[in-house]
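Asker:
Protein chains: 2
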Amino acid sequence: MTAEWTERVLDQARAAKAASRTLAMLDEDSKNRALLAMAEALWERRADILEANRLDMADAERNGESAARLDRLRLDERRIADMMEGVRQVASLPDPVGETLESFSRPNGLRIERVRVPLGVIAVIYEARPNVTVDSAALALKTGNAVVLRGGKEALRSNRHLVLALREGLRNTSVPEDAVQFVDRTERDTVDVLIQATGLVDLAIPRGGAGLIQRVKENAHVPVIETGVGNCHVYVDASADLGMAEAIVINAKTQRPSVCNAMETLLIHERIAAQWLPVIARALWERGVEIRGCERTLAHLREAGVAAPQGLLAAATEEDWATEYLALILAVKVVGGVDDAIAHINRYGSQHSECIVAEDGEAAERFLSAVDAAAVYHNASTRFTDGFEFGFGAEIGISTQKLHARGPMGLRELTSYKYVVRGNGQVRR
Amino acid sequence: MTAEWTERVLDQARAAKAASRTLAMLDEDSKNRALLAMAEALWERRADILEANRLDMADAERNGESAARLDRLRLDERRIADMMEGVRQVASLPDPVGETLESFSRPNGLRIERVRVPLGVIAVIYEARPNVTVDSAALALKTGNAVVLRGGKEALRSNRHLVLALREGLRNTSVPEDAVQFVDRTERDTVDVLIQATGLVDLAIPRGGAGLIQRVKENAHVPVIETGVGNCHVYVDASADLGMAEAIVINAKTQRPSVCNAMETLLIHERIAAQWLPVIARALWERGVEIRGCERTLAHLREAGVAAPQGLLAAATEEDWATEYLALILAVKVVGGVDDAIAHINRYGSQHSECIVAEDGEAAERFLSAVDAAAVYHNASTRFTDGFEFGFGAEIGISTQKLHARGPMGLRELTSYKYVVRGNGQVRR
Chain F
-15 MTAEWTERVL
-5 DQARAAKAAS
5 RTLAMLDEDS
15 KNRALLAMAE
25 ALWERRADIL
35 EANRLDMADA
45 ERNGESAARL
55 DRLRLDERRI
65 ADMMEGVRQV
75 ASLPDPVGET
85 LESFSRPNGL
95 RIERVRVPLG
105 VIAVIYEARP
115 NVTVDSAALA
125 LKTGNAVVLR
135 GGKEALRSNR
145 HLVLALREGL
155 RNTSVPEDAV
165 QFVDRTERDT
175 VDVLIQATGL
185 VDLAIPRGGA
195 GLIQRVKENA
205 HVPVIETGVG
215 NCHVYVDASA
225 DLGMAEAIVI
235 NAKTQRPSVC
245 NAMETLLIHE
255 RIAAQWLPVI
265 ARALWERGVE
275 IRGCERTLAH
285 LREAGVAAPQ
295 GLLAAATEED
305 WATEYLALIL
315 AVKVVGGVDD
325 AIAHINRYGS
335 QHSECIVAED
345 GEAAERFLSA
355 VDAAAVYHNA
365 STRFTDGFEF
375 GFGAEIGIST
385 QKLHARGPMG
395 LRELTSYKYV
405 VRGNGQVRR
Chain E
-15 MTAEWTERVL
-5 DQARAAKAAS
5 RTLAMLDEDS
15 KNRALLAMAE
25 ALWERRADIL
35 EANRLDMADA
45 ERNGESAARL
55 DRLRLDERRI
65 ADMMEGVRQV
75 ASLPDPVGET
85 LESFSRPNGL
95 RIERVRVPLG
105 VIAVIYEARP
115 NVTVDSAALA
125 LKTGNAVVLR
135 GGKEALRSNR
145 HLVLALREGL
155 RNTSVPEDAV
165 QFVDRTERDT
175 VDVLIQATGL
185 VDLAIPRGGA
195 GLIQRVKENA
205 HVPVIETGVG
215 NCHVYVDASA
225 DLGMAEAIVI
235 NAKTQRPSVC
245 NAMETLLIHE
255 RIAAQWLPVI
265 ARALWERGVE
275 IRGCERTLAH
285 LREAGVAAPQ
295 GLLAAATEED
305 WATEYLALIL
315 AVKVVGGVDD
325 AIAHINRYGS
335 QHSECIVAED
345 GEAAERFLSA
355 VDAAAVYHNA
365 STRFTDGFEF
375 GFGAEIGIST
385 QKLHARGPMG
395 LRELTSYKYV
405 VRGNGQVRR
């Protein structure tokens, strides 16, 4: 990347910082009016956006992108209407900014309040889905933050026109247009400039695959929130209601296998393995799930004489325990009990979502307390780890780190706080 | 550093991680008993510790370290007793772990609780003061975290013997000794190994000068909390009670100039500058403070005919506005009013502690709301930004970033949370 472009990205971060100062002082109504104007502008500009998307799609097809990627990239009027609706929903949520989180007085008479404030400037680094552009901008503005968007190459034209529309929408509102910045280049260096812009960018959020997240984490100098890698487990205890266990396992693996809160490894208590493994294996195979089993799993299936459909049974390797398949593949392991399950999960899990199916309350509480993850479940599918399912009304990602935010991140998680201290001349002795 | 040492530091992080699993499950009493045992062991081992410190001091003297640095390094029985007392105080504080932060139900019957949990493993990277060793270990253990300590070269022997004592103290308690790890090498690479140990270290806290913090921030792959750089301002409005303003300015600058919450720049409203500048300048000079003034400051002092003592008056350069002197030097600037002051602070400040002295309530509220800092003060000294002054009973540092924790960090800020979700077979549709 040329030095000129480095400077240009920094200028955008500076403009975002300046805009964030104005934005931080706006009341809820002003921000909501700006959000509704952005939604309107998306619809008014839909012809330009769809034309830009058509060109992106044509390139992607020429480059032989997969059907799944093409689907993620594709826009139509319906999807633009969905984006508008998403922005309107964000506008309708309560504004967390300004909330007094606590307030106390000190013996010297100082009155101290802890007040929720915006973070400032959020850099969002993402991949192919153009709806992330609109979604991130709406969530950032609602919480009084400016945003610098850096999307993927495939969606460059679509994103450019989405942002043109969003900024046009802001033109006659009290939110400065500069609150939404779009980095109109896709060289990797543009990411580095952004995530190393100490003093300008207050938070970087990578939204995408493990490779993107890793790169951002390793190169950032600004704070990062790690999202979305989910190597999730379901542990079925000897005490489990096996009907419930089957429903949860099937749901967690097959309802939407490509997402981070889908299950990747099934752990089964050894006391029920011989009996239940053939049952659950057949149910999984019926749905096209490939099983990668530990030695005991394979032995039990062999002994039960169940025949796996072609290609749907293999021996698990060490690597399988650590893999997020995001596909109809499931690692299966027989464990000695709840402590064994906890140890396995704490070793291989990505601290996302972990479930125990058990009727034994003591085992369940032990699991919930000892498993180190953003969300721990007793008798429910891991698929519920989601800002909407948790009732937050919005979600910018699911944090798998422990600093600042853990699990589904809604509006609240896009804010910080400050201490406001009022005195009458106090000095320190 | 040899590959052997890299592996050794990683092994320590792994041992800390394993210990953190046990520690996270302990109740408050068990942790408190371990803390008290650590305090006892410090006293029992005081001869070894003081002998080690004597050797560190001898080296430091030979190397011509400054009196201030020698004082920071020096231990004696009194200081060991103070450390013990500090550990005991930490033991007496309420344990934040296990607190239910919120709890709600979803229409599908899921019951969701957000529960405070330890972070896991905290790496503390620090410089010369050996009391940071004891302090960090106590705060980490109290909050159920394991700690990996990496102190400065000057204090290597002192720190080694402090940690030997702490671990000895843990020997007959339910806290595993491995919860306190000491990196017994001071090559820079040992820091890099620690702060890049993704999956083992959950948080790195650099405690020291700006150089150390910068290096950690730029090289870390794990989350970092930036602490302690304070370019703090006091703005004296035209409406200020000037007696109060003088008391606050003198306190904020001179009561302890070497700390991060001391004032570094004084901003004065232009309407009172001609009258008040000579007054405050004389008061500062009497206390040996050098003034680096903007052009208008210098002109006002010249016109008033006040003579500066030798070496205590100079013209401020651009660099002065951005400098944290940590010494008896004060940059002084005349500004057009509260908006001008806000703009200056948001441009040059380090988002630590900022104060307005004003009787005009509207100006004060504007300042408190628009200034972007961890702590904003109306009519009180910036020196109060401190975990003890805020009543937290402990402090591991003062965060100047916006993620996770802002301002003084007490016990609560050394924790994370997890979502505990209880169901009766819910699956996602």
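Sequence lines, in order, name chains F and E.
Numbering of the first sequence is given in the numbering used here, commencing with residue -15 and proceeding in unit increments.
Numbering of the second sequence is given in the numbering used here, commencing with residue -15 and proceeding in unit increments.
All residues carry an ideal CB built from backbone N, CA and C; glycine is no exception.
Since we're looking at a predicted model, the values are computed, not measured.
At a Cβ cut of 8 Å, what residues of the region 13 to 32 of chain F count as close to chain E, listed as they run along the chain?
Answerer: So nothing in the stretch comes that close.
Asker: If you reduce the DSSP assignment to three classes, tell me which class Arg(-9) of chain E lands in.
Answerer: Locating residue -9 of chain E in the second sequence gives position 7, counting from the first residue. Per the sequence presented here, residue -9 of chain E reads as Glu, with Arg not at that position. Of the three classes helix, strand and coil, the one that applies to Glu(-9) of chain E here is helix, per DSSP.
Asker: Give me the Cα-Cα distance between Leu26 of chain E and Arg144 of chain E, rounded to the nearest whole angstrom.
Answerer: On the second sequence, position 42 is the one that residue 26 of chain E refers to. On the second sequence, position 160 is the one that residue 144 of chain E refers to. Spanning the two alpha carbons is a distance of roughly 12 Å.
Asker: May I have the straight-line CA-CA distance separating Thr249 of chain E from Val243 of chain E, to the nearest angstrom?
Answerer: In the second sequence, residue 249 of chain E corresponds to position 265, counting from 1. In the second sequence, residue 243 of chain E corresponds to position 259, counting from 1. Going by the C-alpha atoms only, they are around 14 Å apart.
Asker: Once you ignore the five residues that flank Phe372 of chain F on each side, which residues in its own chain have a CB closer than 7 Å to its CB?
Answerer: Locating residue 372 of chain F in the first sequence gives position 388, counting from the first residue. Glu379.
Asker: In the DSSP assignment, find the unbroken beta strand (DSSP E) run with Glu97 of chain E in it and report its ends.
Answerer: Within the second sequence, numbered from 1, the residue matching residue 97 of chain E stands at position 113. Unbroken beta strand (DSSP E) run through Glu97 of chain E: Arg95 to Pro102.
Asker: Please check if any C-beta of chain E sits within less than 9 Å of the C-beta of Arg367 of chain F.
Answerer: The count along the first sequence starts at 1 and reaches residue 367 of chain F at position 383. Chain E contact via Cβ: present.
Asker: Note down, in chain order, every chain E residue with its Cβ under 7 Å from the Cβ of His388 of chain F.
Answerer: Counting from 1 along the first sequence, the entry for residue 388 of chain F is found at position 404. The answer, in chain order, is Leu387 and His388.
Asker: Excluding the five sequence neighbours on either side, which residues of its own chain have a C-beta within less than 8 Å of the C-beta of His388 of chain E, listed in chain order?
Answerer: In the second sequence, the residue the question calls residue 388 of chain E occupies position 404. Closer than 8 Å at the Cβ level, and outside the excluded window around His388 of chain E, lie Pro207, Ile209 and Glu397.
Asker: With 9 Å set as the bound, which would you pick, yes or no: does the beta-carbon of Gln(-4) of chain E sit closer than that to a beta-carbon of chain F?
Answerer: Sequence index remark: in the second sequence, residue -4 of chain E carries index 12 (1-based). False, the Cβ-Cβ gap to chain F never drops below 9 Å.
Asker: Per the contact definition of three or more C-beta pairs closer than 8 Å, is the region 276 to 287 of chain F in contact with the region 403 to 410 of chain F?
Answerer: Output reads no: the region 276 to 287 of chain F does not touch the region 403 to 410 of chain F.
Asker: Measuring only the C-alpha atoms, how far is Ala122 of chain F from Gln294 of chain E?
Answerer: Within the first sequence, the letter at position 138 stands for residue 122 of chain F. Within the second sequence, the letter at position 310 stands for residue 294 of chain E. When rounded, the distance between both Cα atoms is 58 Å.
Asker: Say whether chain E places a C-beta atom closer than 9 Å to the C-beta of Leu187 of chain F.
Answerer: What you label residue 187 of chain F is simply residue 203 of the first sequence in a count that begins at 1. Yes, contact with chain E.
Asker: Which of the three DSSP states, helix, strand or coil, is assigned to Gln335 of chain F?
Answerer: For this step, residue 335 of chain F is matched to residue 351 along the first sequence. Reduced to three states, the DSSP call for Gln335 of chain F is coil.
Asker: For chain E, check one thing: does any of its Cβ atoms lie closer than 9 Å to the Cβ of Tyr219 of chain F?
Answerer: Stepping through the first sequence from its first residue, residue 219 of chain F is reached at position 235. Not one chain E Cβ lies under 9 Å of Tyr219 of chain F.
Asker: Check this for me: beta carbons of Val233 of chain F and Glu308 of chain F, under 9 Å apart or not?
Answerer: Counted from its first residue, the first sequence places residue 233 of chain F at position 249. Counted from its first residue, the first sequence places residue 308 of chain F at position 324. Not a contact, by the Cβ cut-off of 9 Å.
Asker: Just the chain E side, please: which residues come within less than 7 Å of Arg72 of chain F by C-beta, in chain order?
Answerer: Against the first sequence, residue 72 of chain F aligns to sequence position 88. Within 7 Å Cβ-Cβ: nothing; Arg72 of chain F doesn't reach chain E, min ~22 Å.
Asker: Under the assumption that Leu341 of chain E contacts Val263 of chain E (Cβ atoms under 8 Å), give the Cβ distance between them as a whole number of angstroms.
Answerer: The count along the second sequence starts at 1 and reaches residue 341 of chain E at position 357. The count along the second sequence starts at 1 and reaches residue 263 of chain E at position 279. With the sequence shown as reference, residue 341 of chain E is identified as Val, and Leu is not the correct amino acid for it. Wrong, their Cβ atoms sit about 14 Å apart, outside the cutoff.
Asker: Counting only Cβ pairs nearer than 7 Å, list the residues of chain E close to Asp162 of chain F.
Answerer: What you label residue 162 of chain F is simply residue 178 of the first sequence in a count that begins at 1. Those within 7 Å of Asp162 of chain F in chain E number zero; the least Cβ separation is about 16 Å.
Asker: Which same chain residues end up closer than 7 Å to Gly192 of chain E when comparing Cβ atoms and leaving out the 5 residues on each side of it in sequence?
Answerer: In the second sequence, counting from the first residue as 1, residue 192 of chain E sits at position 208. Cβ neighbours of Gly192 of chain E beyond the five flanking positions: Tyr110 and Glu111.
Asker: Taking the beta strand (DSSP E) that Ala298 of chain F falls in, what are its first and last residues?
Answerer: Against the first sequence, residue 298 of chain F aligns to sequence position 314. Residues Leu297 to Ala299.
Asker: If you measure beta-carbon to beta-carbon, which residues of the region 190 to 213 of chain E are closer than 7 Å to chain F?
Answerer: Correct list: Lys201, Glu202, His205 and Pro207.
Asker: Note down, in chain order, every chain F residue with its Cβ under 7 Å from the Cβ of Met415 of chain E.
Answerer: This structure cannot speak to residue 415 of chain E, because chain E is shown only from -15 to 413.
Asker: Suppose you measure from the CA of Val164 of chain E to the CA of Arg151 of chain E; what does that come to, to the nearest Å?
Answerer: Within the second sequence, residue 164 of chain E is the residue found at index 180, counting from 1. Within the second sequence, residue 151 of chain E is the residue found at index 167, counting from 1. Cα to Cα, the separation comes out at about 7 Å.
Asker: Whose CA, out of E:Arg155, E:Gly82 and E:Ala347, lies closest to the CA of Met9 of chain E?
Answerer: Along the second sequence, read from residue 1 onward, the residue named residue 9 of chain E stands at position 25. Comparing Cα positions, the closest option is E:Gly82.
Asker: Quick one: which unbroken beta strand (DSSP E) runs of 3-plus residues sit fully inside the region 135 to 212 of chain F? Chain order, please.
Answerer: Fully enclosed beta strand (DSSP E) runs of 3 or longer: 164 to 166 and 187 to 191.
Asker: For Asn235 of chain E, which residues of its own chain have a beta-carbon under 8 Å away from its beta-carbon, when the five flanking residues on both sides are left out?
Answerer: Indexing the second sequence from 1 puts residue 235 of chain E at position 251. Around Asn235 of chain E: Ser365 and Arg367.
Asker: Considering Phe374 of chain E, what are the terminal residues of the beta strand (DSSP E) in which it resides?
Answerer: On the second sequence, residue 374 of chain E is found 390 positions in, with the first residue counted as 1. No beta strand (DSSP E) contains Phe374 of chain E, which DSSP labels as neither H nor E.
Asker: Does the Cβ of Asn47 of chain F have 16 or more other Cβ atoms within 10 Å, making it buried, or fewer, making it exposed?
Answerer: By one-based count along the first sequence, residue 47 of chain F stands at place 63. With fewer than 16 other Cβ atoms within 10 Å, it is exposed.
Asker: Can you tell which of E:Asp119, E:Met228 and E:Glu45 has its C-alpha closest to the C-alpha of Val131 of chain E?
Answerer: If you number the second sequence from 1, residue 131 of chain E lands on position 147. The residue with the shortest Cα to Cα distance from Val131 of chain E is E:Asp119.
Asker: So which residues on chain E does Met9 of chain F lean against when the C-beta distance must stay under 8 Å?
Answerer: Looking up residue 9 of chain F in the first sequence gives position 25. Chain E residues near Met9 of chain F: Ser353 and Ala354.
Asker: Taking Cβ-Cβ distances shorter than 7 Å, what residues in chain E pair up with Tyr403 of chain F?
Answerer: In the first sequence, residue 403 of chain F corresponds to position 419, counting from 1. Ordered by position in chain E, the residues that pass the 7 Å Cβ test against Tyr403 of chain F are Ala358, Ala359 and Gly391.
Asker: Assuming the contact rule is C-beta atoms closer than 8 Å, Lys1 of chain F and Gly104 of chain F should be a hit. Round their C-beta distance to whole Å, please.
Answerer: Against the first sequence, residue 1 of chain F aligns to sequence position 17. Against the first sequence, residue 104 of chain F aligns to sequence position 120. So it is a contact: roughly 7 Å between Cβ atoms.
Asker: With DSSP as the reference, label Glu343 of chain F as helix, strand or coil.
Answerer: As a working mapping, residue 343 of chain F is identified with position 359 in the first sequence. Three-state result, Glu343 of chain F: coil.
Asker: Three or more C-beta pairs closer than 8 Å, one from the region 56 to 67 of chain E and one from the region 77 to 97 of chain E: is that the case here?
Answerer: Contact fails: fewer than three Cβ-Cβ distances are below 8 Å.
Asker: Looking only at its own chain, which residues have a Cβ that is under 7 Å from the Cβ of Glu349 of chain E, when we skip the five neighbours before and after it?
Answerer: The count along the second sequence starts at 1 and reaches residue 349 of chain E at position 365. Result list for Glu349 of chain E: empty, nothing under 7 Å.
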